[in-house]
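**Q** In this note's numbering, the protein residues as written are 1 to 278.
Please see the structure below; I have some questions.
Spelled out as C-alpha cells, the structure:
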C-alpha cells in the first residue's frame with residue numbers, strides 16, 4: 001500500500017467518524033482534525049512519486065597498513081628501454097664474452113669517457129652498452145630523436161665491428177704465413193659432430209630395414225607353410241628338406257668346378273698326344 005492510498009483511507013475514516021458524531025469537541029459539535037481540510041485540498045499522489053530509492057552506502061575502508069608498504073619500488077632508468085631495443089635486434093651480442101670486473105666502479109671518470117667523440121672509448125671493449133651510451137648522448141646533447149640516434153650509433157657500431165673482423169682475419173693470415181697452426185674451428189667441430197650423428201643414424205636405419213625384411217620373410221614362410229596344410233608335427237621334416245636343398249645349392253658350384261677341371265685335363269692330354277704323333 002502506497003503512502004497516497006493510506007492518506008485517503010485515513011481521511012475517509014475521519015469523514016465517517018464526523019458523520020456519526022464521534023469526533024466532537026467539549027460542546028458536542030463536530031470537530032474535524034487539523035489535517036482534514038488540507039488532505040482534501042492537496043491530496044497526495046497515488047503513484048509513489050517522491051519516494052526516494054534506497055542508497056547503497058559503500059564500505060568505508062579502515063585505516064590499516066597498505067599491502068605494498070614494505071615492497072621496494074621498481075627502479076627504472078632511461079637506458080633500460082634502449083638496451084632492450086638493441087639486444088632484441090642483436091641477440092648474438094649476448095653470446096660474446098664480457099669482462100664485468102671493475103676496479104673502483106667508476107671507469108667512466110677513470111678513463112675519461114666522452115661519448116660525444118664517438119662510440120670507441122679508451123679502456124672499454126665495444127659491446128651493446130657502447131651503443132646505448134652513444135645513443136643517449138646523441139638524444140640529450142645533439143637533439144636527435146630516439147630512432148635517428150639509434151641508427152647513428154648502430155652504424156658506428158657496425159663500422160667498428162667490421163674493422164675488428166678485418167684485423168682479426170689479417171692477423172690469422174700473417175700467423176699462418178710464418179708457420180702458426182690453428183686447431184679446428186667451431187664450424188669444423190660442428191661438421192664432425194654432424195657427420196658422426198649421420199653415420200650413426202644410417203647404421204641404425206640399415207639395421208632396422210634388415211630386421212624388417214627378416215620379419216617379413218619369416219611371416220611369408222609361415223603363411224606358405226600354413227596354406228600348404230603342413231601340420232605342426234611335420235615342421236621338422238620341412239626344415240630338414242629346406243636344409244638339404246640349401247646344401248645341394250651350395251654343392252652344385254663345387255661339382256661344376258670339378259667337372260670343368262677334369263675336362264680341361266683331358267683336353268690337355270689330347271693336345272699333347274697329337275704333338276707327339278706329329
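No residue lacks a Cβ here, since even glycine has one placed at the ideal position from N, Cα and C.
Is it true that the CB of residue 83 sits closer than 7 Å to the CB of residue 132?
**A** Counting from one through the chain shown, the residue named residue 132 turns up at place 132. Counting from one through the chain shown, the residue named residue 83 turns up at place 83. Result yes, Cβ atoms of residue 132 and residue 83 sit closer than 7 Å.
**Q** Determine whether the beta carbon atoms of residue 135 and residue 147 lie at a separation below 7 Å.
**A** Position 135 of the chain shown holds residue 135. Position 147 of the chain shown holds residue 147. No, Cβ-Cβ distance for residue 135 and residue 147 is not below 7 Å.
**Q** Can you say whether residue 75 is buried or exposed, counting buried as having 16 or more other CB atoms within 10 angstroms of its CB?
**A** In the chain shown, the residue the question calls residue 75 occupies position 75. Residue 75 should be labelled exposed.
**Q** Taking a contact to mean a Cβ-Cβ separation below 7 Å, would you say residue 115 touches residue 92 in this structure?
**A** Within the chain shown, residue 115 is the residue found at index 115, counting from 1. Within the chain shown, residue 92 is the residue found at index 92, counting from 1. Cβ atoms of residue 115 and residue 92: not closer than 7 Å.
**Q** Determine the closest residue to residue 150 out of 219, 205, 87, 169, with distance taken between C-alpha atoms.
**A** Position 150 of the chain shown, counted from the start, is the residue given in the question as residue 150. The option with the nearest alpha carbon to residue 150 is 87.
**Q** Decide if residue 121 is buried, meaning its Cβ has at least 16 other Cβ atoms within 10 Å, or exposed.
**A** Locating residue 121 in the chain shown gives position 121, counting from the first residue. Buried, because 16 or more other Cβ atoms sit within 10 Å of the Cβ of residue 121.
**Q** In the structure shown, what three-state DSSP assignment does residue 57 receive?
**A** In the chain shown, residue 57 corresponds to position 57, counting from 1. DSSP places residue 57 in coil when its eight states are reduced to three.
**Q** Residue 211 to residue 199, Cα distance in whole Å?
**A** Within the chain shown, numbered from 1, the residue matching residue 211 stands at position 211. Within the chain shown, numbered from 1, the residue matching residue 199 stands at position 199. One C-alpha to the other measures close to 18 Å.
**Q** How about residue 43 and residue 14: do their beta carbons lie closer than 7 Å?
**A** Mapped onto the chain shown, residue 43 falls at position 43. Mapped onto the chain shown, residue 14 falls at position 14. Not in contact: residue 43 and residue 14 (Cβ atoms no closer than 7 Å).
**Q** Beta-carbon within less than 8 Å of residue 110's beta-carbon, same chain only, minus the 5 sequence neighbours each way: which residues are those?
**A** Counting from 1 along the chain shown, the entry for residue 110 is found at position 110. Correct list, in chain order: 103, 104, 123.
**Q** In three-state terms, what does DSSP make of residue 209?
**A** The residue you call residue 209 lines up with position 209 of the chain shown. Note: residue 209 maps to helix in three-state DSSP.
**Q** Considering residue 111, what are the terminal residues of the alpha helix (DSSP H) in which it resides?
**A** Within the chain shown, numbered from 1, the residue matching residue 111 stands at position 111. First-last of the alpha helix (DSSP H) with residue 111: 107-111.
**Q** May I have the straight-line CA-CA distance separating residue 16 from residue 41, to the nearest angstrom?
**A** For the purposes of this step, residue 16 is taken as the residue at position 16 of the chain shown. For the purposes of this step, residue 41 is taken as the residue at position 41 of the chain shown. Cα to Cα, the separation comes out at about 18 Å.
**Q** So if DSSP puts residue 91 in a beta bridge, which residue, or which two residues, is it bridged to?
**A** Sequence index remark: in the chain shown, residue 91 carries index 91 (1-based). Paired residues: none, contrary to the question.
**Q** Under a three-way DSSP split, which group does residue 78 fall into?
**A** The sequence position of residue 78 within the chain shown is 78, counting from 1. Correct three-state label for residue 78: helix.
**Q** For the region 141-190, list the alpha helix (DSSP H) runs that are entirely contained and at least 4 residues long, ordered along the chain.
**A** Those alpha helix (DSSP H) runs which fall completely within the region 141-190 and span 4+ residues are 146-177.
**Q** How about residue 163: is its Cβ closer than 6 Å to a heavy atom in the ligand GTP?
**A** Absence of the ligand GTP from the depicted structure is noted, as is the absence of any ligand whatsoever, leaving it without description.
**Q** Under three-state DSSP, which class holds residue 131?
**A** Against the chain shown, residue 131 aligns to sequence position 131. Correct three-state label for residue 131: helix.
**Q** Considering just the uninterrupted stretch of the alpha helix (DSSP H) at residue 36, what are its terminal residues?
**A** Working through the chain shown from its first residue, we reach residue 36 at position 36. Start and end: 36-41.
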